[in-house]
Amino acid sequence: MAGPVSVDIRKIVLVGNPNVGKSVIFRLLTGSYAMVSNFPGTTVEVSRGRMRLGGKDYEVVDTPGINSLIPQSEDERVASEILLREKPDVIVQVADAKNLRRTLLITSQLAEFGIPMVLVLNMIDEAEDRGIEIDSQGLAELFSIPVVETIAIYAKGRRRLLNAIQNARIPMNPLAASHPANRMIQASQRLAPPALLSVEWVHSGNRELVQTVAECQGPEFNRLMEWQKAYQQAHKRNPAREIAELRNGLLDISVDSFKKKRRRRFLEESGGFKKIWLGLLIFGLLFFAWNLAGGLLGAQTPFAATVQAVGDWMHSALDTHIPGGNLIRSVLLHKNADGSFEYGLIPEAIHLLLLIAPVLVPLSVLLSRSRSFAREMGILSRRALTGIPILLGVMLLLYEFVGYTGAQTLVGLFEEVLFGQYIIPFFQTLIPAGFFSELLVGRYGLISMGLTYAIGIVLPVVGTFFIAFGLLEDSGYLPRLSILSDRLMRIMGLNGKAVLPMVLGFGCGTMAIMSTRILSSKRERFIAILLLSLGIPCSAQLGVILGISAGLSTAATLTIIGVVASQLILVGYLSSRLIRGKPSEFIFEIPPIRVPQLKNVWFKTWSRVQWYLREAVPLFLLGTLVLFVFHSVRLYGRSLLAWLETAFEPVLETLLHLPSEATGVFLLGFLRRDYGAAGLYDMARKGMLTGQQVVVSMIVITLFVPCLASFLMIIKEQGIKRALAITGFIIPFAICVGAVVSWILRTLDIQFY
Amino acid sequence: MEKRISEDISEVLEAVWTLEEEGDATLEKVVRNADTKVSDTLMRSLSSEGFIVIDDNKRVRLLSRGREIAEQIIRRHRLAERLICDALGSHVEDSEAAACEYEHVLAEGITNSICTLLGHPRFCPHNKPIPEGDCCRQAREELRSIVVSCDQLQIGETARVAYFSTREHSRLLKLSALGISPGTSIKLIQKWPAYVVQCEETEVALEPEVAKNIHVWQSNQ
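Chains S and Y, in that order, are what the protein sequence lines are. First residue of the first sequence: 0, per numbering that gives the first Met the number 0; consecutive thereafter. First residue of the second sequence: 0, per numbering that gives the first Met the number 0; consecutive thereafter.
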């Protein structure tokens with residue numbers, strides 16, 4: 000926690016329910032960025048920023064969302080800890096105006112801290128859409144604090160909010176005011192705040208928080224404990240229960256008196272408008288399906304035909320008009336030896352226009368213009384019958400975007416053109432052959448291998464995944480996925496809530512491991528981390544896998560997916576049996592479907608990419624360096640790598656039947672899984688692996704240990720012992736599964752071509 | 000209709016019932032406690048008419064015929080006590096004498112009305128059980144059908160939360176933090192693959208077990 004802050008900097012803490020816009024308000028106040036999304040529980044780390052207001056400096060602290068100050072999960076405790084330890088000058092409670100009862104629960108609890116407060120009723124537009132009117136004036140009088148209405152994403156109400164912060168006042172505790180005769184509440188008023196909350200913390204068994212209160216209050220805390228014990232003995236009642244009952248009563252009355260619901264027919268767009276766009280959407284989807292099915296069946300698709308036609312025409316035009324326009328040609332259109340076009344901006348433009356836009360444009364028009372459509376989508380996507388086809392559609396779109404735009408077009412541009420044609424040749428001519436040339440642009444060179452992989456292959460894939468994930472997050476789709484997957488997750492000792500870390504794991508495992516904090520029990524966090532490290536390939540790896548499987552038969556791809564998925568379920572099932580406890584209950588709020596804010600998605604993607612560049616790229620370089628050392632240092636005339644290969648050969652050759660060259664790739668896999676996968680990609684492309692070997696090696700590398708970065712994150716989250724236990728289980732397990740699959744494939748003589 | 004039973008007989012049966020409740024109804028105690036003069040003839044006629052039986056140890060027991068009558072008297076007496084204490088606000092001690100009067104005059108229909116008015120109380124002000132009447136049984140049946148667990152609602156049905164049948168405090172807290180607490184209205188909007196209820200403007204997904212824990216007042220159909 001932060002140390003003493005100098006007197007002239009005031010501190011503002013943002014508190015509120017999950018998914019009410021705290022992070023947007025944070026940005027509104029400080030101008031700096033906090034991760035924003037339409038998924039409850041996104042702010043796991045605490046963001047801090049600065050602002051200047053009325054000639055004074057403020058520090059603004061954004062806290063993870065809470066449903067009550069009596070915490071039910073680890074990240075919910077953070078808010079209370081900050082309030083107790085950092086003793087802010089102003090508390091700004093951010094609330095979803097639609098849900099007054101939940102809001103006031105927190106307000107009534109915050110009122111006990113005796114700290115000046117402001118209540119922000121955010122998303123007031125959504126409340127109005129539903130015909131809800133809130134008497135802010137009445138609320139302001141009840142608590143005697145400023146109450147402001149805002150629409151944070153449009154920066155509406157910012158000025159009022161700033162004014163309110165300057166006029167924040169110590170709230171009146173409405174519980175005390177409304178129960179003048181209640182002895183317990185009156186007595187609590189004479190104790191150090193927050194007395195009633197402390198009693199509730201004591202009774203909810205939250206040891207860490209009670210510890211904090213004790214530390215912060217010193218001898219005052221002992222008085223409180225004695226008092227509550229005496230009360231309990233004298234009245235034979237659980238004081239925490241009694242407080243909860245009184246609070247509930249207060250909330251009932253307040254909601255009744257301050258919230259009015261009118262029947263309101265808002266101006267629904269004319270039926271024709273919706274029908275036209277719905278028609279366009281269906282057309283787009285059908286066209287998308289046609290292209291996809293055609294591609295899988297190997298038939299000519301409209302998309303491929305268009306690319307070929309436009310490509311041929313453009314190519315001849317370029318040839319005649321711009322002789323030697325090599326750069327332009329490879330950037331715009333990369334022609335393969337067989338005359339087909341592999342990547343380039345022209346095919347990409349056709350791809351976006353022909354496949355992605357016909358689906359996404361009508362979808363976003365409908366979501367933003369038709370409230371009934373947004374609501375219907377919200378309902379359809381959480382039902383089993385309609386939800387699974389929708390999920391399938393979402394996954395295919397994701398695949399189209401990440402797999403084509405990311406893994407083909409961008410990887411082509413970055414790896415083949417930027418690195419392959421310019422950067423590496425440039426350094427090769429610049430540096431004379433020798434040690435430095437080997438180090439930078441040699442076989443295991445920092446640039447030719449490390450940077451090429453990190454920036455050329457992985458970054459485009461991760462980047463596009465982050466964009467897609469950001470869109471999904473902000474649309475509010477992911478919680479619906481939790482509902483659909485709850486039953487499956489239950490088999491693995493988890494519940495639907497765990498789907499967020501799992502999906503995030505397809506983007507970046509390290510980030511996913513960090514986000515397991517939203518799960519409520521230690522057992523679930525452990526199982527989720529185990530499964531993440533075992534078999535969820537991150538986007539970089541996934542991109543490479545997709546790249547390889549593009550050259551394989553569908554059967555091979557399905558085998559890889561099937562084996563990995565079944566192992567995930569198996570390990571999840573076994574660990575849910577072996578580790579005592581049951582899945583924690585699934586009580587989960589579903590946010591409305593909203594149109595993602597592009598600015599927001601962009602911010603989010605950018606900060607995730609920054610995180611990737613800062614945290615992951617150095618590890619790539621470190622990994623390459625280690626490999627370089629292994630390759631260069633010689634022992635008895637052979638490189639260390641050769642020795643290691645010899646040592647691992649028995650495992651690889653006898654158990655997995657892989658060529659010994661793959662050893663280097665697996666060693667790389669220790670450093671980054673996708674690094675290893677990329678190495679395999681290379682080997683496969685050079686024709687060093689048979690179909691069988693590709694399948695086996697892909698399975699092993701997917702199940703293999705987490706990358707170095709996620710390993711460090713596991714240590715941070717679970718401690719070194721558990722991190723080692725997880726790794727110690729996964730390595731032999733991955734090799735065993737690979738050996739079994741390899742044996743089966745060889746015995747049945749299944750070749751994949 | 001039932002034939003009017005003499006006050007003497009009623010008093011004796013009442014005394015036997017009360018003593019049996021306390022555990023031991025000897026003839027001696029019955030004579031002492033009954034609110035009337037108990038003669039040998041009275042006792043003999045009671046036992047010859049099959050209201051009671053007196054065994055060799057001078058212990059008195061109610062037979063089913065006597066029990067039926069005693070039950071009604073006790074019920075009227077204790078309901079009267081409740082009425083006087085709760086509705087009229089008199090002190091427990093003062094209620095006693097008046098209740099003794101009531102127990103002989105109240106007709107069954109009126110007794111049930113009073114019982115309903117008082118909300119079918121289970122105990123008298125002295126904390127002794129009040130025998131159940133038909134009205135109590137009927138009310139309980141109705142109540143049982145009105146309060147159902149949330150998973151038994153139809154999709155689209157709205158109901159007020161009555162209570163939670165879980166001992167886990169954390170679960171109660173979680174639900175009430177999302178706005179689901181006794182007294183609030185919820186609407187069931189989905190049952191599969193997970194239960195979804197709407198409370199205020201919030202949609203909340205629940206696993207089946209939690210949905211079974213939430214008991215709601217089903218509105219009249």
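We treat Cβ as the ideally placed atom computed from N, Cα and C, and that holds for glycine.
One thing to note: residue 198 of chain S has its Cβ no nearer than 8 Å to the Cβ of residue 150 of chain S.
As for any alpha helix (DSSP H) of minimum length 4 sitting wholly inside the segment 49-87 of chain S, the runs are 73-85, ordered along the chain. Taking a beta-carbon distance threshold of 8 Å, residue 155 of chain Y does not count as an interface residue toward chain S. Cβ neighbours of residue 616 of chain S within its own chain (closer than 6 Å, five residues either side excluded): 453.
With a threshold of 8 Å between beta carbons, residue 494 of chain S makes contact with chain Y.
The CB of residue 381 of chain S comes closer than 7 Å to the CB of 189 and 195 in chain Y, given here in chain order. Scanning chain Y for C-beta atoms nearer than 8 Å to the C-beta of residue 71 of chain S yields 169, 172, 173 and 176, reported in chain order. Across the structure, residue 381 of chain S and residue 471 of chain S are spaced so that their CA atoms are roughly 14 Å apart. Per the coordinates, the alpha-carbon of residue 81 of chain Y lies some 6 Å from the alpha-carbon of residue 123 of chain Y.
Residue 160 of chain Y is outside the set of residues whose beta carbon lies under 8 Å from a beta carbon in chain S. The three-state secondary structure of residue 8 of chain S, taken from DSSP, is strand.
Among the residues facing chain Y, residue 182 of chain S is not included, as its CB has no counterpart in that chain under 8 Å away.
Each of S/17, S/713, S/145 and S/52 was checked against the Cα of residue 95 of chain S, and the nearest Cα belongs to S/17.
In this structure the segment 211-221 of chain S does not touch the segment 130-141 of chain S; the number of beta carbon pairs closer than 8 Å is below three. Residue 158 of chain Y is bridged by DSSP to Y/185 and Y/217. Fewer than three Cβ pairs drawn from the segment 530-546 of chain S and the segment 624-636 of chain S lie within less than 8 Å of each other, which leaves the two stretches out of contact. Residue pairing by DSSP places residue 274 of chain S opposite no residue, since no beta bridge is assigned to it. Secondary structure note for residue 51 of chain Y: its beta strand (DSSP E) is the uninterrupted segment 51-53.
Within chain Y, the C-beta atoms nearer than 9 Å to that of residue 481 of chain S come from 193 and 204, in chain order. For residue 587 of chain S, the enclosing beta strand (DSSP E) begins and ends at 586-589. Taken in chain order, the complete alpha helix (DSSP H) segments of 4 residues or longer contained in the segment 604-634 of chain S are 616-631.
Around the beta-carbon of residue 25 of chain S, 16 or more other beta-carbon atoms lie within 10 Å, marking it buried. In the same chain as residue 343 of chain S, and ignoring 5 residues on each side of it, the C-beta atoms closer than 6 Å to its own belong to 331, 332 and 333, in chain order.
At a C-beta separation below 9 Å, residue 184 of chain Y has no neighbours in chain S, since its nearest C-beta there lies roughly 11 Å away.
Of all C-beta pairs linking the segment 157-164 of chain Y to the segment 209-217 of chain Y, three or more are shorter than 8 Å, placing the two stretches in contact. Chain-order list of chain S residues neighbouring residue 180 of chain Y: 247, by C-beta distance under 7 Å. Identification of chain Y residues near residue 80 of chain S by a Cβ-Cβ cut-off of 7 Å yields none; the smallest Cβ-Cβ distance measures about 18 Å.
Taking C-alpha positions only, residue 640 of chain S is separated from residue 153 of chain S by approximately 57 Å.
The continuous alpha helix (DSSP H) containing residue 22 of chain S extends over residues 21-29. Contact check for residue 96 of chain Y against residue 150 of chain Y fails: the beta carbons are separated by 8 Å or more. Cα atoms of residue 13 of chain Y and residue 205 of chain Y: separation of roughly 53 Å, rounded to the nearest angstrom. Residues of chain Y with a Cβ closer than 7 Å to the Cβ of residue 104 of chain S are, in chain order, 176. Of Y/187, Y/178, Y/197 and Y/201, the smallest CA-CA separation from residue 67 of chain S is found for Y/178. For residue 85 of chain Y, no alpha helix (DSSP H) run applies, since DSSP gives it neither H nor E. For the options S/99, S/113, S/522 and S/111, the alpha carbon positioned closest to that of residue 138 of chain S is the one of S/99. Only those residues of the segment 206-236 of chain S whose C-beta falls short of 9 Å from the nearest C-beta of chain Y would be listed, and there are none.
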